[in-house]
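Notes for the one structure printed next.
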Amino acid sequence: MTIYNFNAGPSALPQEVIEKAQKSLFNFENSGLSVMEMSHRSPMYEEIHFGAISSIKEILNIPDDFEILLLQGGASMQFAMLPMNFLQSEQSAAYVLSGSWSEKALKEAGRIGDAYVLSSSKEDNYKSIPTIEFDSVKENTSYIHLTSNNTIFGTQWQELPEKQRTPIFVDASSDIFSKRINWNNVDVLYAGAQKNAGPSGVTVVIMRKTLLEQSNTSIPQILTYNTHAKADSLYHTPPTGSIYVLGLVMNWIKENGGIEGMESRASNKAALLYDVIDNSNQFYVGHALVNSRSLMNVTFRLSDENLEKKFLQEAKEFGFEGVKGHRSVGGCRASIYNAVPVDHVEKLAHFMKEFQNSH
Ligand SMILES: *Cc1c(COP(=O)(O)O)cnc(C)c1O
Numbered sequence: 001m002t003i004y005n006f007n008a009g010p011s012a013l014p015q016e017v018i019e020k021a022q023k024s025l026f027n028f029e030n031s032g033l034s035v036m037e038m039s040h041r042s043p044m045y046e047e048i049h050f051g052a053i054s055s056i057k058e059i060l061n062i063p064d065d066f067e068i069l070l071l072q073g074g075a076s077m078q079f080a081m082l083p084m085n086f087l088q089s090e091q092s093a094a095y096v097l098s099g100s101w102s103e104k105a106l107k108e109a110g111r112i113g114d115a116y117v118l119s120s121s122k123e124d125n126y127k128s129i130p131t132i133e134f135d136s137v138k139e140n141t142s143y144i145h146l147t148s149n150n151t152i153f154g155t156q157w158q159e160l161p162e163k164q165r166t167p168i169f170v171d172a173s174s175d176i177f178s179k180r181i182n183w184n185n186v187d188v189l190y191a192g193a194q195k196n197a198g199p200s201g202v203t204v205v206i207m208r209k210t211l212l213e214q215s216n217t218s219i220p221q222i223l224t225y226n227t228h229a230k231a232d233s234l235y236h237t238p239p240t241g242s243i244y245v246l247g248l249v250m251n252w253i254k255e256n257g258g259i260e261g262m263e264s265r266a267s268n269k270a271a272l273l274y275d276v277i278d279n280s281n282q283f284y285v286g287h288a289l290v291n292s293r294s295l296m297n298v299t300f301r302l303s304d305e306n307l308e309k310k311f312l313q314e315a316k317e318f319g320f321e322g323v324k325g326h327r328s329v330g331g332c333r334a335s336i337y338n339a340v341p342v343d344h345v346e347k348l349a350h351f352m353k354e355f356q357n358s359h
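Numbering (UniProt numbering), first residue to last: 1 to 359.
What follows is the structure, encoded as structure tokens:
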């Protein structure tokens with residue numbers, strides 16, 4: 001049976017990447033070695049490592065004054081590392097709450113120092129993206145943290161806010177590589193790879209170099225960005241296999257129109273599903289407000305709870321994987337990251353229409 005993968009993360013990889021990885025992950029360019037068996041200090045691995053980093057730079061058009069790091073520990077590790085490095089005594093950190101992940105980021109920061117909520121859309125059950133009142137930023141705020149795409153609630157910043165004085169740190173775990181980034185408005189952007197960039201195990205952290213000089217030097221070395229920056233993310237053994245596959249995904253993006261290609265793919269795919277929802281006469285009800293809708297995670301409910309169960313059951317039987325919403329919010333969610341082919345989304349849209357017609 002064909003499986004149509006709408007998992008929220010880890011999620012679909014491009015078919016071409018899976019095929020290439022099948023051949024070369026276990027016998028890299030006919031060297032007789034699998035990528036996972038190579039020394040991370042070997043020229044062969046260095047090619048993979050620096051190739052992946054330069055592809056990231058090229059695709060996202062990252063200026064030279066940013067460092068690109070490949071770290072471990074997932075986005076969740078960044079929830080802790082960012083305040084450990086940049087939230088020092090006498091300082092505060094501002095958090096914009098737009099969903100569960102930003103709540104988690106805030107909690108971690110609160111264990112390190114003074115972290116406060118700058119704005120929040122919690123009251124409307126995270127249906128929308130909150131607006132930022134820059135006038136409410138406290139003095140000595142070392143950064144403003146926000147989540148560009150809310151994987152669980154299905155909302156997304158249509159444009160990142162215009163940066164004022166305070167540095168902006170962005171958790172882009174679920175929409176990195178799906179749209180262009182204006183680096184004037186960003187100081188740190190990070191993402192666990194397993195949604196839109198490759199397999200789990202590697203985390204991309206893109207950081208303005210001037211920040212490195214301001215970071216806390218009294219924490220363990222392994223947790224400081226400087227350590228990893230100075231060693232080109234080879235301070236200790238990197239997740240070599242994950243980085244290799246991430247590099248393959250980057251090549252796939254380049255071969256498929258680059259970041260502009262990903263942008264138009266994303267809006268075309270999302271439109272297919274939102275059109276079904278909007279034309280369903282409230283049979284399907286979207287969670288996100290229209291102007292906050294995510295192009296990556298489409299969240300919706302069926303107006304009737306029993307029908308929703310039936311819908312999810314039949315979707316599963318049909319081969320649609322991962323359409324059940326996150327356990328914390330319920331309902332349905334289709335994650336349509338870069339690697340999800342357009343025709344899979346068309347199939348789901350068709351299925352939704354048919355399901356409505358027959359009920
Ligand atoms: C999945 C996700 C995380 C958590 O990522 P891990 O790599 O599992 O730590 C954090 N933020 C967002 C927005 C996510 O989608």
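Glycine included, every Cβ here is placed at the ideal spot set by N, Cα and C.
**Asked** Three or more beta-carbon pairs under 8 Å between the region 162-172 and the region 133-146, yes or no?
**Response** The region 162-172 and the region 133-146 touch, with no fewer than 3 CB-CB distances between them shorter than 8 Å.
**Request:** Please determine if the region 63-75 and the region 202-215 are in contact, where contact requires at least 3 C-beta pairs separated by less than 8 Å.
**Result:** yes
**Asked** Which class does Thr141 belong to by DSSP, given the choice of helix, strand or coil?
**Response** Strand.
**Message:** ligand 1 and Ser76: does the residue's C-beta get closer than 7 Å to at least one heavy atom of that ligand?
**Reply:** yes
**Message:** Would Ala75 pass as an interface residue toward chain D - the criterion being a Cβ-Cβ separation below 8 Å?
**Reply:** The structure shown contains no chain D; it holds only a single protein chain.
**Message:** To the nearest angstrom, how far is the alpha carbon of Val96 from that of Gly9?
**Reply:** 23 Å
**Message:** Quick check on this structure: which residue in Phe311, Val340, Lys122 and Glu47 has the alpha carbon closest to the alpha carbon of Leu295?
**Reply:** Val340
**Request:** Taking 8 Å as the threshold, find out whether the region 41-52 comes into contact with the region 230-248 through three or more Cβ pairs.
**Result:** yes
**Prompt:** Going by the C-beta, is Lys122 closer than 7 Å to any heavy atom of ligand 1?
**Reply:** no
**Request:** Assess, as a yes-or-no matter, whether the region 97-115 is touched by the region 147-154 under the definition of 3 or more beta carbon pairs within less than 8 Å.
**Result:** yes
**Message:** What would DSSP say about Ile48, mapped onto helix, strand or coil?
**Reply:** helix
**Prompt:** Taking buried to mean at least 16 other C-beta atoms within 10 Å of its own C-beta, is Thr203 buried or exposed?
**Reply:** buried
**Same chain, Cβ closer than 6 Å to Ser200, five either side skipped, listed in chain order** = Pro10 and Gln194
**Message:** Quick check: is any heavy atom of ligand 1 less than 7 Å from the C-beta of Asp275?
**Reply:** no
**Request:** Following the continuous alpha helix (DSSP H) through Phe28, name the residue where it begins and the one where it ends.
**Result:** Unbroken run through Phe28: none, as it is neither H nor E.
**Rounded C-alpha distance that separates Ser218 from His287** = 44 Å
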